[in-house]
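> So in the UniProt record's numbering, the last spot in the sequence shown is 143, and the numbers never skip.
Structure in structure tokens, see below.
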Amino acid sequence: MPLDRGAQDAAREPMSGDPADQDADAAEDVAPRARTRRVGAYTVVELHGEIDIAGVGSVGPALDAATAGDGPAVIVDLRPTAFFDCSGLGLLCRAHRRVLERGGRMRLVCDDALILRTLRAGRMLEVLHPNATLEEALREEEG
């Protein structure tokens with residue numbers, strides 16, 4: 001049964017805001033990206049969006065830069081991460097190996113149960129000892 005004219009017009013109107021804007025916002029939330037900043041002696045690398053096979057190439061260079069040089073001090077913050085799979089696990093393993101080879105230290109910040117489960121499955125919880133907050137990771141260094 002065809003819709004009447006009023007129903008057709010209502011069906012065409014977005015419920016809230018422009019759908020194109022909503023799609024762009026959603027894409028921004030899951031697009032993999034890294035934000036790097038200094039906090040004290042540490043380089044903090046926040047991983048945003050979906051860290052999967054399609055996204056590791058976008059964030060890998062930031063981790064490589066943070067883990068370069070002698071004695072790097074790195075904190076990887078996964079709290080802004082929307083999705084994390086075994087590709088992300090491989091990325092963390094590589095970063096951790098690079099830090100150890102260069103005589104540095106690496107901390108991990110993660111409070112997401114699903115990401116922690118992935119870390120546990122990959123046996124990385126025992127290696128990286130994630131903290132729930134950045135403050136905890138920084139305090140761990142003092143203690």
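Beta carbons are placed, not taken as given, at the ideal position from N, Cα and C, and that holds for glycine.
Entirely within the UniProt domain "STAS" (32–141) and at least 3 residues each: give me those beta strand (DSSP E) ranges in chain order.
Whole beta strand (DSSP E) segments, 3+ residues: 33–39, 42–51, 73–77, 81–84, 105–109.
> Could you pull out every residue in the same chain whose Cβ sits closer than 7 Å to the Cβ of valine 99, ignoring the five residues on either side in sequence?
The residues are Thr67, Pro72, Val74, Arg105, Met106.
> Please name the residue in Arg97, Asp64, Gly57 whose C-alpha comes closest to that of alanine 31.
When only C-alpha atoms are compared, the closest one is Gly57.
> Our contact map puts isoleucine 115 next to serine 87 with C-beta atoms below 8 Å; I'd like the distance itself, whole angstroms only.
That belief does not hold up - the Cβ atoms of isoleucine 115 and serine 87 are roughly 13 Å apart, past 8 Å.
> Given a cut-off of 8 Å, decide if leucine 91 and glycine 60 are closer than it, judged by their beta-carbon atoms.
Cβ distance < 8 Å, so glycine 60 and leucine 91 count as in contact.
> Please state if the CB of cysteine 110 and the CB of proline 80 are separated by a distance shorter than 8 Å.
Result no, Cβ atoms of proline 80 and cysteine 110 do not sit closer than 8 Å.
> Assuming the contact rule is C-beta atoms closer than 8 Å, leucine 119 and leucine 125 should be a hit. Round their C-beta distance to whole Å, please.
Yes, they are in contact, since the Cβ atoms of leucine 119 and leucine 125 sit about 5 Å apart, within 8 Å.
> Note down the Cα distance separating cysteine 93 from arginine 35, rounded to an integer number of angstroms.
Their Cα atoms are separated by approximately 19 Å.
> Shorter than 8 Å from the beta carbon of glutamate 135 to some beta carbon of chain B?
In summary, chain B is missing from the structure at hand, where a single protein chain is found.
> Closest by CA to arginine 33, which one among Asp77, Gly69, Ala41, Tyr42?
Among Asp77, Gly69, Ala41, Tyr42, the Cα nearest to that of arginine 33 belongs to Asp77.
> Where does aspartate 21 sit, in a helix, a strand or coil, going by DSSP?
Reliability fails at aspartate 21, whose pLDDT of 45 lies under 50, so the model's placement of it is uncertain and no value is given.
> Is the separation between the beta-carbon of alanine 41 and that of leucine 63 shorter than 8 Å?
Cβ distance not < 8 Å, so alanine 41 and leucine 63 don't count as in contact.
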